[in-house]
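Asks:
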């Protein structure tokens, strides 16, 4: 697929909140997929970094 489609996060799948992975387990953070939390700026179109490293 060569083109990006604009959609909402809800279009991508089910949104589940309430459980934050333990920061004591290093594998939970710092990978290729950023961990977004309510303290992050959700108005950004692209996220390069988050409050949880």
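In my numbering, the protein residues as written are 1 to 53. C-beta atoms are modelled at their ideal positions from N, C-alpha and C, and glycine is treated no differently. In this text the structure is predicted, and so the values were computed from the model without any measurement.
1. Output yes if chain B places a C-beta closer than 9 Å to the C-beta of residue 6; else output no.
2. Look at the alpha carbon of residue 19 and the alpha carbon of residue 39, and state the distance between them as a whole number of angstroms.
3. If I follow the unbroken alpha helix (DSSP H) through residue 10, where does it start and stop?
4. Residue 27 by DSSP, collapsed to three states: which one?
Replies: In brief:
1. You won't find chain B in this structure, because it holds only one protein chain.
2. The residue given as residue 19 occupies position 19 in the chain shown. The residue given as residue 39 occupies position 39 in the chain shown. About 15 Å.
3. In the chain shown, the residue the question calls residue 10 occupies position 10. Per DSSP, residue 10 belongs to the alpha helix (DSSP H) from 9 to 12.
4. Residue numbering aside, residue 27 sits at position 27 when the chain shown is read from its first letter. Residue 27 falls in the helix class under three-state DSSP.
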